[in-house]
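> My questions all concern the structure below.
Written as structure tokens, this is what we have:
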């Protein structure tokens, strides 16, 4: 908070897609807030922040207005309602909490952030552009920060990304100052640990798989027991083996077989006719 601001009440119109004109601001202050201008020292339109900053005569008045009217009223732009935050400028920082489920209650988020300072208020942010008036899931927390908030926080087992002004951004793995362009040392250690564990598991599996020399499994020993066929195939009785090719028979090895009835067999008689020698006839 600036040392020059005291009892300052802030009406934050930054939630609107466009800055409201002075006529809308006047109606909001007089009708919605019912502000007593006799208790107002100054009323300033902050162009850079799109806020109306009112300096009240007493701090009690500023706190009373903020407590009674914070996000209780809205302005309409293109048929969309935008609730207007109202708070006291008291050195609090606006902290934005991203990436949490919309169904997570705000009081759980506020309770978690209490370890980093005093939480003054929390509200849901809405889209200014693209989807005007629709909640975007971001929680806006106003708090007095006592110690730095890391960029990544685990809230109810959900990872939240946190942003605020003058924040020292931190690494999501080691929570130390962000080391841009470098791999996190913690990530390297985790990878090496996983690699070593995998190598050990692989070596153990190899030891279980490789059989020592001279040892046989139960299945192999059972297969070595003699069977009836092995008993028959004794060395005294040679048997045909697959490695010895079977000799094929030919027509010469096949005997001539006669399947006719023995009584019907006929014996062929052969006769020899002898010729008598005669005179030789000579041709003249």
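Numbering (the UniProt record's numbering), first residue to last: 1 to 284. Glycine included, every Cβ here is placed at the ideal spot set by N, Cα and C. Keep in mind that this is a model prediction, so the values were computed, not measured.
What number of angstroms, rounded off, separates the C-alpha of residue 30 from the C-alpha of residue 6?
Their Cα atoms are separated by approximately 22 Å.
> Does DSSP put residue 56 in a helix, a strand or coil?
Strand at residue 56.
> Between the C-alpha atoms of residue 105 and residue 116, what's the straight-line distance to the nearest angstrom?
In a straight line, the C-alpha of residue 105 is about 19 Å away from that of residue 116.
> Report buried or exposed for residue 22, applying the criterion of at least 16 other Cβ atoms within 10 angstroms of its Cβ.
Answer is exposed; the Cβ neighbour count stays below 16.
> Let me know if residue 92 comes out buried or exposed under the rule of 16 or more other beta-carbons within 10 Å of its beta-carbon.
Answer is buried; the Cβ neighbour count reaches 16.
> Does any CB atom of chain B fall closer than 8 Å to the CB of residue 153?
The structure shown contains no chain B; it holds only a single protein chain.
> With residue 22 as the anchor, note down where its alpha helix (DSSP H) starts and where it stops.
Unbroken alpha helix (DSSP H) run through residue 22: 22–27.
> Spatial neighbours of residue 135 within its chain, please: CB distance less than 6 Å, with the 5 preceding and 5 following residues excluded, ordered by chain position.
Answer for residue 135: 124 and 126, listed in chain order.
> Can you tell me whether residue 13 is helix, strand or coil according to DSSP?
Three-state result, residue 13: coil.
> So, are the CB atoms of residue 70 and residue 85 less than 8 Å apart?
Yes, they are a contact pair.
> Which first and last residues belong to the alpha helix (DSSP H) in which residue 107 is found?
From DSSP, the alpha helix (DSSP H) with residue 107 extends over 106–113.
> Over what stretch of residues does the beta strand (DSSP E) that includes residue 116 continue unbroken?
That residue, residue 116, is in no beta strand (DSSP E); it is neither H nor E in DSSP.
> Answer yes if the region 158–168 comes into contact with the region 96–104, meaning at least three C-beta pairs across the two stretches below 8 Å, and no otherwise.
Yes, the region 96–104 is in contact with the region 158–168.
> Please report the Cβ distance between residue 66 and residue 52, rounded to the nearest whole angstrom; I am assuming they are in contact, meaning their Cβ atoms lie under 8 Å.
Residue 66 to residue 52, Cβ: 13 Å. No contact.
> What would DSSP say about residue 7, mapped onto helix, strand or coil?
Coil at residue 7, not helix or strand.
> Going by alpha carbons, who is nearest to residue 18 out of 47, 27, 37 and 40?
The option with the nearest alpha carbon to residue 18 is 47.
> Which one of 73, 108, 141 and 8 has the shortest CA to CA distance from residue 57?
That would be 8, whose Cα lies nearest to the Cα of residue 57.
> Find out if the Cβ-Cβ distance for the pair residue 33, residue 82 is shorter than 8 Å.
The answer is no: Cβ separation not under 8 Å.
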